[in-house]
Structure formats: C-alpha cells, structure tokens
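Quick notes on the structure that follows.
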Amino acid sequence: MNAVVLLGPPGAGKGTVAEVLVDKGYRHVSTGELLREQIRLGTKLGLEAKTLMDQGQFVPDDVVVGMIRDLIESVDSGSMFLFDGFPRTLVQAEKLDELISDLCGTLKNVFLLECPDDVIVSRLSGRRTCSKCGAVYHTAFNPPSDDDGCDQDGCELVQRADDSEATIRKRLLVYAEQTAPLIDYYTNKGLVDTVDATQSIETVRNAVLEYIA
Ligand SMILES: [Zn+2]
Numbered sequence: 001m002n003a004v005v006l007l008g009p010p011g012a013g014k015g016t017v018a019e020v021l022v023d024k025g026y027r028h029v030s031t032g033e034l035l036r037e038q039i040r041l042g043t044k045l046g047l048e049a050k051t052l053m054d055q056g057q058f059v060p061d062d063v064v065v066g067m068i069r070d071l072i073e074s075v076d077s078g079s080m081f082l083f084d085g086f087p088r089t090l091v092q093a094e095k096l097d098e099l100i101s102d103l104c105g106t107l108k109n110v111f112l113l114e115c116p117d118d119v120i121v122s123r124l125s126g127r128r129t130c131s132k133c134g135a136v137y138h139t140a141f142n143p144p145s146d147d148d149g150c151d152q153d154g155c156e157l158v159q160r161a162d163d164s165e166a167t168i169r170k171r172l173l174v175y176a177e178q179t180a181p182l183i184d185y186y187t188n189k190g191l192v193d194t195v196d197a198t199q200s201i202e203t204v205r206n207a208v209l210e211y212i213a
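The numbering of the sequence shown is this note's numbering, which starts it at 1 and goes up by one.
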C-alpha cells in the first residue's frame, strides 16, 4: 500500500486536492466518516467512540489508529490511501508510521496547504447560506443575482455561526497549535510538499498532480 496525508486549515481547499487524488485512484479516508460508520454499524469500537463523543470528549489515539488499521488490513495490499483529518497528533503520526511499515507500505507525500489566516477569514466570512434551502453563496466570489435573497426561492441569506470571523480565527488557532508538531515531524522526514492554497483551483490541482507524478 502507499499513502499520502493531507494537512491544511479549514477553508484552504482540501476538498479540491482530495478530488484530484481520488481521480488518481486514491481512496479518501476521513476519520470522521469512519467513526460515524462504526457507530452506525454498532461495533464495539463504535459504541466506545459514541460514548466519548456524547460526553464531548475526543476519541483516543488508540481507537482512531485501530480503526485505520482495520480498514487498511481489510483491503487489497496495492491500495492507495489519502488520509484527511488524520493524523491529528504526533502520537497518531508515529502510529501511522508503524502501521505503514508493518504492512511494508510507503508514506509518499504529506501535502501541506498553506493559506494566510486573513485570506481564509475573507473566504469563509463572506459565506452566506439560504435560510430555507441551504444554498451557499459568497458575498465576493459567488453573490446571489438578487442582492436580497436566494436565487432559488428569494429567502433570506444568513451567515452561519461557524462562519463568523471570531469562530474562524479560533478554529485557525486550534489548527495551528495541533498541526505545528506534525509539520516539524514530517519536514524532518523530508516528506512535506507545500502547496500555495491562495492560487486558483486550477493551479492548485496542477501543483498536486506534479507532486504525485
Ligand atoms: Zn434558497
């Protein structure tokens, strides 16, 4: 197996990069989705995770890594994985290395999407959501044709609490704190490929394609 890891702040366009890699045959692994699936299936691991999440606690590294191990071991050894939202901690990164080496796999690249906080704030804080149908607009990049309402139904456009500047800045701070040790860890291994996420989607796509070529 081989794997790539995707690191980047919320709003940097991780979805765009993930799309490129999925087109190239990578299997997109989101730990959030895996956990929800375990919970849905009612597995022992899922029940454990649900109890913790219901109490507002983080799911421990062991549980997350166990889930990733099960997934990797259950598929063909030639598979390619894209990890998104994992590893989140240094312990998880070390466990991932162990796991990959147990399976004689390779961690090929760690894509680091870089985008200044101010750019992310302006991208995310301009988002407006229709209060009725949930359609998403952007005051600068994708404004509704009628200033006052949704193009579909004319209903009021609102800013979600998640998209307020204060909330975004807080999330960016948490991201920076969590990710800094991971960036160091992978930089020391010579694995980090930096992508300038302020560029156009097309340029970002091409940069990623060049890195994995
Ligand atoms: Zn609408």
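Yeah, the Cβ is synthetic: ideal placement off N, Cα and C, and Gly gets one too.
Exposure label - residue i; buried when at least 16 CB within 10 Å
| i | result |
| --- | --- |
| Asn142 | exposed |
| Gly134 | exposed |
| Gly56 | exposed |
| Lys95 | buried |
| Leu41 | exposed |
| Arg160 | exposed |
| Val204 | buried |
| Ser125 | buried |
Close Cβ partners of residue i (< 7 Å) along its chain, the five nearest in sequence each way excluded
| i | result |
| --- | --- |
| Leu209 | Val20 |
Distance between residue j and residue i (C-alpha atoms, nearest Å)
| i | j | result |
| --- | --- | --- |
| Leu113 | Ile212 | 15 Å |
| Pro87 | Asp148 | 42 Å |
| Gln152 | Glu98 | 51 Å |
| Arg169 | Thr179 | 15 Å |
| Val63 | Ala197 | 32 Å |
| Lys132 | Gly105 | 48 Å |
| Gly85 | Gly154 | 36 Å |
| Glu48 | Leu34 | 14 Å |
| Leu7 | Ala166 | 22 Å |
| Phe58 | Ser164 | 24 Å |
| Leu71 | Lys24 | 20 Å |
Presumed contact (8 Å Cβ cut-off) between residue i and residue j, rounded CB distance
| i | j | result |
| --- | --- | --- |
| Tyr175 | Pro10 | 7 Å |
| Arg127 | Ser79 | That pair is no contact at about 35 Å. |
| Met1 | Ser101 | At roughly 11 Å, the Cβ-Cβ gap does not stay under 8 Å, so Met1 and Ser101 are not in contact. |
| Ala12 | Ile120 | 7 Å |
Other residues of its chain near residue i: CB distance less than 8 Å, five sequence neighbours each side excluded
| i | result |
| --- | --- |
| Val91 | Asp61 |
| Thr16 | Ile201, Val204 and Arg205 |
8 Å Cβ cutoff, residue i in contact with chain D
| i | result |
| --- | --- |
| Gly78 | Here there is only one protein chain, and chain D is not present. |
Contacting residues, own chain, Cβ-Cβ under 6 Å from residue i (five flanking each side not counted)
| i | result |
| --- | --- |
| Val4 | Leu82, Lys108 and Asn109 |
| Val29 | Phe81 and Phe83 |
| Gly46 | Gln38 and Ile39 |
| Arg123 | Gly11 |
Could you name each continuous alpha helix (DSSP H) segment of 4 residues or more that falls completely within the stretch 8–63, going from the start of the chain to the end? 14–23, 31–41 and 44–54
Ranges of the beta strand (DSSP E) found wholly within the stretch 153–211, counting only runs of at least 3: 192–196
Considering only residues of the stretch 56–109, which uninterrupted beta strand (DSSP E) runs meet the minimum length of 3 residues and lie entirely inside it, listed in chain order? 80–84
Just to confirm the assignment: which complete alpha helix (DSSP H) runs, minimum length 4, are found wholly within the stretch 101–150? 117–125
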